[in-house]
Each structure stands twice: as structure tokens, then as C-alpha cells.
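Residues in the sequence shown are numbered consecutively from 48, following the working numbering.
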Amino acid sequence: MSARAILLTMLFGGIAFAGVGGLFGAALGTFVPGYYRTVFATGRLPGFNPIQLGIGLGVTQGLAMGLALSICAAAIQTGRDIYLGTHTPGTPGPASPRRNRSWMIHTVWGLTVLILAAIVGTVTFVAGGIVGQQQLYQAWTERKLETLAPILSADDYRRVAPESSSAANIYLTGTVENHTVYRSLRQELTLAFGVAAADEMIGNIKVAQ
Numbered sequence: 048m049s050a051r052a053i054l055l056t057m058l059f060g061g062i063a064f065a066g067v068g069g070l071f072g073a074a075l076g077t078f079v080p081g082y083y084r085t086v087f088a089t090g091r092l093p094g095f096n097p098i099q100l101g102i103g104l105g106v107t108q109g110l111a112m113g114l115a116l117s118i119c120a121a122a123i124q125t126g127r128d129i130y131l132g133t134h135t136p137g138t139p140g141p142a143s144p145r146r147n148r149s150w151m152i153h154t155v156w157g158l159t160v161l162i163l164a165a166i167v168g169t170v171t172f173v174a175g176g177i178v179g180q181q182q183l184y185q186a187w188t189e190r191k192l193e194t195l196a197p198i199l200s201a202d203d204y205r206r207v208a209p210e211s212s213s214a215a216n217i218y219l220t221g222t223v224e225n226h227t228v229y230r231s232l233r234q235e236l237t238l239a240f241g242v243a244a245a246d247e248m249i250g251n252i253k254v255a256q
């Protein structure tokens, strides 16, 4: 099997499996959204998009699976070509050892493909879930910052700045003039985000007087 044929096999195999995986993930996210909501811890939270996550997981898993299977298929075909090239019909020798060896080669390669497919599928599923969760955290962070921007635009909070974490948590840092301003800020945060979130956000704010 030539190098060009191997590259084409990998290319078309990866694209084909990625397309099928994306369609399957989109269908799963559309018709069975509860699957992704159950699998991922963030599935019950607002802003979770099972269709988007399904497409992302399907494409990444399908691409990895297609490349892995294409490589294995190319390796099997190359090994078969080499084996047949060294055992031509004119070569003397019994036929039964050849058949036994061929059966063993195919069995080993089949098990290798199954194991590799399982490993690749697991790794890409986890990686896709991590990427999808980080995208969701990013969307939540942007939404919180948009809600927080009008509050912090007041002159009383000019020395207060927001900071965000990778888990979509927002923390305020800086100083306010007095306890009255501090209580006013806490009240506005409570109205916008709730008591627990407000207490978490304002924990690092210092009072000048």
C-alpha cells in the first residue's frame, strides 16, 4: 500500500467519521437531550446546550475514531501485502501454516483495533466534555460580568474591580469609602445574584473608613 493511499485513507476516514459523529451527536442532543444532561455535571444548569455539546463531541470522537481505524486498516493491508509478497504461489511449502498464520495476524489486528477504538473513544469523550464545560463556564462568566457592569459603573464603586475564575466564579477586589457604601453594594449584588453569590463576590472588598 503506497504512502499516498495511506494518507488518502486517513483523510477520508477521518472526515467521514467526523461527519457521521457530528450528525449522531446533533441528533442525540436534539431528540435525547437528557443523555448529556445526565452524563455531565453541568447539564442541569442554565445555558447548557446539549445540541452544541453533542456536535462537538461527535465530531471530535468521530475524527479520532476515523483516523485510528484508518491507520489500523492501512497497517493491516500493508502487512497483508508484505506477507503475500513474501509467499507467492510459486514458493514451495505447505499451505496450512500460511492459513494459520494469516488467521492469527487478523485476530491480533482485530483485537488491536477494538482496544485502540475503546481508548480513543474514551479519551475524546472526556476531552470533548472538558472543552464543552469550559465553554459553558466562559458563557456564564460573560453573562455575570454583563450583569455586574451597570452596578460597578457607579462612582461609589470606582475602586472596585471584578475578577473571574475558571469555574465561572466572580470575585470583587478593591476598596469602598465606608460601611454605608459597602452595604449598598452588597444589597445590589444580592438583588442581582442572590445572597450566597453576593457574599462570595464581596468577601474581598475592604472598607476605607
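We put the CB at the ideal spot given by N, CA and C, even for glycine. None of the values given here were measured: they were computed from a predicted structure.
- Excluding its 5 nearest sequence neighbours in each direction, P80 has C-beta neighbours in its own chain below 8 angstroms: P97, I98, listed in chain order.
- Assignment of S212 by DSSP, reduced to helix, strand and coil, places it in the coil class.
- The three-state reading of DSSP puts V79 in coil, since its state is none of H, G, I, E or B.
- The residue among N225, R190, N216 with its C-alpha nearest the C-alpha of R206 is N225.
- Check the Cα spacing between I217 and each of L58, A244, I102: the tightest is with A244.
- In the structure shown, G103 falls within a helical segment according to DSSP collapsed to helix, strand and coil.
- Residues G113 of the same chain have their beta carbon placed closer than 7 angstroms to that of A63, with the five preceding and five following residues left out of the count.
- Closest option to T56, judged by alpha-carbon separation, among G66, L100, V254, A115: A115.
- Rounded to the nearest angstrom, the Cβ distance from G109 to A73 is 12 angstroms, too far for a contact under 8 angstroms.
- Annotated as proximal: D203 and L232, with beta-carbon spacing under 9 angstroms.
- A Cβ-Cβ distance of about 18 angstroms is found for the pair G105 and F59, leaving them out of contact under the 8 angstroms criterion.
- With a contact defined as Cβ atoms closer than 8 angstroms, A239 and T220 miss out at about 18 angstroms.
- For L192 and V242, the gap between their C-alpha atoms comes out near 17 angstroms.
- In terms of Cβ geometry, K253 and V228 do not form a close pair [threshold 9 angstroms].
- Per DSSP, the continuous beta strand (DSSP E) segment holding Y218 begins and ends at 217-223.
- For K253, DSSP records a beta bridge to T222.
- Taking C-beta separations shorter than 7 angstroms and ignoring five residues to either side along the sequence, the partners of S117 in its chain run T56, M57, G60, G61, following chain order.
- With 16 or more neighbouring CB atoms inside 10 Å of its own CB, A215 falls in the buried class.
- Nearest to Q124 by alpha-carbon distance, out of F78, W187, A52, is A52.
- When rounded, the separation of the alpha-carbon atoms in Q182 and T77 is 19 angstroms.
- Here the alpha carbon of G101 sits roughly 31 angstroms from the alpha carbon of L195.
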